[in-house]
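What follows is a short report on a single structure.
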Amino acid sequence: MSEPHSLKPFSPDEIQKILLHLQQPAVFMNMALDWPVLQWTAENLSARLGDTPVRFRLARKEGTNRPLFETHCSYVEARLAQFLSWNQNQAEADVGPFIDYPESEFWAYADYKYIAVLFQDFPSMFEDVKWDEFGFGGRGGRESTLWIGTEGANTPCHLDSYGYNLVLQVQGRKRWHLFPPEDTAKLYPTRIPYEESSIFSQVDVLRPDLRRFPAFRGARAHVVTLQPGQVLYVPRHWWHYVESVDPVTVSVNSWIELDEDDRSRVSEAVTKAVVGALKATPSADNTDDWLNPTEGGVTSHEENMHYLNLAVGAFQKVQSTRHRRPVKHDSRGRTLEDCGSFTLPFGPHLTPVLCPRERSQEMRGPERDRAVTARQCLSQSHDCADGTWENFAEEPGTRTITTNDLLECLVHPDVIAQVTELLLDKHAGNDRTGP
290 MSEPHSLKPF
300 SPDEIQKILL
310 HLQQPAVFMN
320 MALDWPVLQW
330 TAENLSARLG
340 DTPVRFRLAR
350 KEGTNRPLFE
360 THCSYVEARL
370 AQFLSWNQNQ
380 AEADVGPFID
390 YPESEFWAYA
400 DYKYIAVLFQ
410 DFPSMFEDVK
420 WDEFGFGGRG
430 GRESTLWIGT
440 EGANTPCHLD
450 SYGYNLVLQV
460 QGRKRWHLFP
470 PEDTAKLYPT
480 RIPYEESSIF
490 SQVDVLRPDL
500 RRFPAFRGAR
510 AHVVTLQPGQ
520 VLYVPRHWWH
530 YVESVDPVTV
540 SVNSWIELDE
550 DDRSRVSEAV
560 TKAVVGALKA
570 TPSADNTDDW
580 LNPTEGGVTS
590 HEENMHYLNL
600 AVGAFQKVQS
610 TRHRRPVKHD
620 SRGRTLEDCG
630 SFTLPFGPHL
640 TPVLCPRERS
650 QEMRGPERDR
660 AVTARQCLSQ
670 SHDCADGTWE
680 NFAEEPGTRT
690 ITTNDLLECL
700 VHPDVIAQVT
710 ELLLDKHAGN
720 DRTGP
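Encoded structure:
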C-alpha cells in the first residue's frame, strides 16, 4: 500500500496548485517511492506477461546528425523474456526475432504501450499506478502508457499537441532534453513523418547540423537525468528528446488533458487534411515514408474532412456550455483561478529543470567557469558536425521545391494556428469579410 497523503511531501491539493503555477519542467521527488508500479521491472513484467508478444522498435546505435524518425526503424514482435536474453547477450538463449539484430549494434524500444491493452488480463495491475496522489482522482494504470528500452533507445525530438505529461521512472535512468515553446522556430518543426498529435523537429539535438539549422544555436536545452522513483512534469508544448542511458529502462507516463485541447484538435484535424491531401497525391517526389508507423493507415480526404467537422463541432459545443464569464487561461491552456500569490516550493522534493545558462547563473567561481568551458566545447563540436547537406548546396533559385517543402510552410505551427482561428470564426458565423 502507498503511504497516507500526510506522510508525502505534498498533498494532492498542493500538487494541483503547484502544477497550476509551474512554468517550466520540474521533478517531483519522494512522491512515488512506495507506489507498487516501482516493482514493474522488465524482469517482473516478463514473468507476468509470459508468452504475450510485445512490439519493439530497433535501430543502429551509431549516431548521425539527422533525427532517427520511427519511419527509419525496424520492428519485431517478441516476448519480454527474449528481449532480456538478447539484451544480456546470453549465449545459446532463445532471443526470437532479435537474432537478426546484434545487441552490440542495435538498441530496442517497446514504446507507447497502453497499459490498459497490454495488461487487459491483469486489471488489478492498473491500481499499481497512483496518479490520484497527484490530485487526479480515478487516474491510474488504465490511463497510462508503458515504455521499455535498452541503452541508447530514444524518442526523436518532438512536442505533443495535447495536454501536459507526467512521467514516472521505474527502472534505470532516462535523459531528457527539453526546449520551451518559445524555441519552436529554432527547432525547425516538421509534420513529416506525420503523426496525429506530434510535431517533430528536423534537428538532431545531440549532434545538430548548425550549417543547415543555424537558429538551433540559440535553443535553450533544459536537461535532466530522471532516476527511478522520480516524476517529471513536462509542460504543454515543451519540445523533448528522450534517451535511455542504462542497460534496461522502464517508465510509465500519463498525458493530462487540458481545456485548450479542444482547439488543438481542430488544428490537428486541419493538419491531417492538408498533409493527407498532398502526400496521397501521386508524384515523383512523393515516394517517401511519410506516415508514422503509429498511425493506422492512410485515410481518405472524405474521412479527414469528416474528422475536421467533428473537431470543430466539438469545440463549439464545449465553448457554448462553459460559463458565460470570460475564462482566463495560462500559456499552457489551463484555466487560471483567482488564487492569489503563490511561491513554488522548490527544494529537496521539487526541483526545477534548468538550462545550462540558468544553472551557471547560480554558480560561483571555478564551478561556473567549468560549466561555461564545457558549453563552449559543446558549441565547437556542433559547429564541426559532419553534415552532408552543405556539400550539395546549390545556387540560389536552382533548387527544386518539393511537396515536403510546400508542406513545411503550409502546416507550420504558426500557419495552422492562424487557419484554426479563421476556421473557428467562420464556422461560428463571425466572419465579417463578406458583404
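The sequence shown runs contiguously to residue 724 in the numbering used here. Cβ coordinates follow ideal geometry from the N, Cα and C atoms, glycine included.
query, result
"D498 versus V316 - alpha carbon distance", "30 Å"
"N542 beta carbon less than 8 Å from that of S433", "yes"
"Beta-carbon proximity of Y596 to R525, cut-off 8 Å", "no"
"3-residue-minimum beta strand (DSSP E) runs that sit fully inside the stretch 458 to 508, ordered along the chain", "463 to 468, 478 to 484, 487 to 490"
"R402 (DSSP reduced to helix, strand or coil)", "The identity of residue 402 in the sequence shown is Lys, whereas the question assumes Arg. Looking at K402 - three-state DSSP - the assignment turns out to be strand."
"S620 in three-state terms, based on DSSP", "Bear in mind that the predicted position of S620 carries a pLDDT of just 47, short of 50, making it unreliable; the figure below should be weighed with that in mind. Note: S620 maps to coil in three-state DSSP."
"Buried/exposed call for E532, threshold 16 Cβ in 10 Å", "buried"
"Burial state of A717, where buried means 16 or more other Cβ atoms lie within 10 Å", "exposed"
"Proximity below 8 Å, CB of V343 to CB of V459", "no"
"For T514, the first and last residue of its enclosing beta strand (DSSP E)", "511 to 515"
"For L643, the three-state DSSP class (helix, strand or coil)", "coil"
"The stretch 354 to 371 contacting the stretch 322 to 337, beta-carbon criterion three pairs below 8 Å", "yes"
"Proximity winner among W396, Y477, P412, relative to I437 (alpha-carbon distances)", "W396"
"Reduced DSSP category for L567 - H, G, I as helix; E, B as strand; rest coil", "helix"
"CA-to-CA distance, A321 to L476, given in whole angstroms", "33 Å"
"For K715 and D462, the rounded distance between their alpha carbons", "Contrary to the premise, residue 462 reads as Arg rather than Asp in this sequence. Using only the alpha carbons, I get a separation of about 48 Å."
"CA nearest to the CA of A510, picked from G518, W528, V520, Q516", "W528"
"Reduced DSSP category for G602 - H, G, I as helix; E, B as strand; rest coil", "helix"
"Closest residue to Y403 among K297, P536, F415 (Cα-Cα distance)", "F415"
"Continuous alpha helix (DSSP H) assignments of at least 4 residues falling wholly in the stretch 364 to 443", "369 to 376, 404 to 407"
"Bounding residues of the alpha helix (DSSP H) (the contiguous stretch that carries H529)", "No alpha helix (DSSP H) contains H529, which is instead part of the beta strand (DSSP E) from 528 to 533."
"Neighbourhood of E697 by C-beta, 7 Å cutoff - its chain only, sequence neighbours within 5 removed", "T479"
"P356, DSSP secondary structure in three states", "coil"
"Cβ contact check for the stretch 543 to 551 and the stretch 378 to 388: 3 or more pairs under 8 Å", "no"
"P356 beta carbon less than 8 Å from that of S490", "yes"
"Status (buried if at least 16 other CB within 10 Å, exposed otherwise) for D577", "exposed"
"Presumed contact (8 Å Cβ cut-off) between E484 and T583, rounded CB distance", "6 Å"
"C-beta atoms of R431 and A405 nearer than 8 Å", "yes"
"V350 versus V559 - alpha carbon distance", "The sequence as given places Lys at residue 350; Val does not occur at that position. Going by the C-alpha atoms only, they are around 36 Å apart."
"Close beta carbons around S450, own chain, < 6 Å, minus the five adjacent residues each side", "S486, S553, E557"
"Inter-residue Cα distance where the pair is L468 and A508", "According to the sequence displayed, residue 468 carries Phe and not Leu. Cα to Cα, the separation comes out at about 7 Å."
"Cβ separation of N593 and G565, assumed to be a contact under 8 Å, to the nearest whole Å", "5 Å"
"Beta-carbon proximity list for S572, same chain, < 8 Å, skipping 5 on both sides", "T692"
"Cβ neighbour criterion (16 or more within 10 Å) applied to H447", "buried"
"Identity of the residues DSSP links to W544 by a beta bridge", "N454"
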